[in-house]
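Enquirer: Each residue of the sequence shown is one higher than the one before, starting from 1 at the first, in full-length UniProt numbering.
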Amino acid sequence: MPTTILPLAEVTEGLIAQWSAIADVAAGLTDEQWSGPSVLPGWTNADVVAHIIGTESMLDGRDVEATRTVSALDHVRNPIGELNEKWVDHYRPKPRAEVLAALEEIVAVRTAALKAMTQEQFEAPSMTPAGADTYGRFMRIRIFDCWVHEIDLRDSADGSAVADPVPASWALDEIGASLPFVVGKRADAPKGSKVLFDITGLSPRTVRIDVGDRASLVEEFEGGDASADVRLRIDAANLARCAGGRRDADPNEVEIEGDQTLGQAILTRMNYVI
């Protein structure tokens, strides 16, 4: 059953701010950077922008015809990856000005659609990349996805840092909601483990995960933070890179205190993004 209830106005504000940040970064790329390789395998920076247009276009009910079979590409791992590639292929031959205009147009359409929604509609059941939840959860995932891609564009261009704490906060909320899956399922943390993430940088926060029959987020540990078996201190942007499996993710920048074996297992299996 859908469980993630989020405020329509605030999430919409965060998503609009994130779209604006993407547009600003994309417009500021040099022509060489625009057509140059991104940190994502097989994609240029222009392809990253096209992917964002494509996802929002799908949410508006649009579609494009596939121009080739992409399932055999090394960086396409599942049907969602195939859908993403179809939109990237659609925009790849188009001039930069046309792609940026398409981004502006779909953002305007999606902004109007979100502003026309009611809170009840925002809480309605929806399929999301994280499974069945609410439409609001899907929109928080959209903030997360676009935020990570803003980091991708910046990392591929001038290495500048993301700066707006509003979308960053929503994106990190989404990452936090997925960390129990990373700890409990992917890293196979033993029952009884307590894992603490100390996220630094933009929108800092502490995420606590208690592993019982399943791993779950908790507000505090019985025994306090000192009782954590392992503590991982990681910068917010580096956390996004690790979660997305980016090639510029830097596990060596993560400080691990406590159980080193468990900490390394978590870092090694941090890449959970589709």
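Cβ coordinates follow ideal geometry from the N, Cα and C atoms, glycine included.
(1) Give me, in chain order, the residues of the same chain whose beta-carbon lies closer than 8 Å to that of V25; leave out the 5 immediate sequence neighbours on both sides.
(2) Would the region 156-174 and the region 27-43 be scored as touching if the rule is three or more Cβ pairs under 8 Å?
(3) Please classify S227 as buried or exposed, where buried requires at least 16 neighbouring CB atoms within 10 angstroms.
(4) If you check the beta carbons only, do S187 and I266 fall under 7 Å apart?
(5) If we require 4 or more residues per run, which alpha helix (DSSP H) segments fall completely within the region 200-255?
(6) When you compare the CB positions of M270 and A240, do they come within less than 7 Å of one another, or not?
(7) Looking at the structure shown, is D47 part of a helix, part of a strand, or coil, going by DSSP?
(8) Hey, out of S38, V48 and V148, whose CA is closest to I175's CA?
(9) Taking only heavy atoms of the ligand ADP into account, decide whether any of them is closer than 6 Å to the Cβ of S57.
(10) On the DSSP letters alone, give me the boundaries of the alpha helix (DSSP H) that S178 sits inside.
(11) With a 10 Å radius around its C-beta and 16 neighbouring C-beta atoms as the bar for buried, classify G223 as buried or exposed.
(12) Going by alpha carbons, who is nearest to P165 out of R137, R205, S178 and L179?
(13) Using a 10 Å radius around the Cβ and a threshold of 16 neighbouring Cβ atoms, would you call S20 buried or exposed?
(14) Using 8 Å as the Cβ pair cut-off and three pairs as the minimum, do the region 125-143 and the region 257-264 touch?
(15) Whole angstroms are fine: how far does the CA of L59 sit from the CA of A102?
(16) Do you know offhand how far V207's Cα is from T67's?
(17) Can you find the residues in the same chain that come closer than 7 Å, C-beta to C-beta, to N84, ignoring five residues on each side of it along the sequence?
(18) Report the three-state DSSP secondary structure of G61 (helix, strand or coil).
Expert: Based on what the coordinates show:
(1) E150, L153, R154 and A157
(2) yes
(3) exposed
(4) In the sequence as displayed, the identity of residue 187 is Ala instead of Ser. Yes, the pair counts as a contact, with Cβ atoms nearer than the cut-off.
(5) 236-243
(6) no
(7) helix
(8) V148
(9) The ligand ADP is not part of the structure shown, which contains no ligands of any sort.
(10) P165 to F181
(11) exposed
(12) R205
(13) exposed
(14) no
(15) 15 Å
(16) 44 Å
(17) H51 and G54
(18) coil
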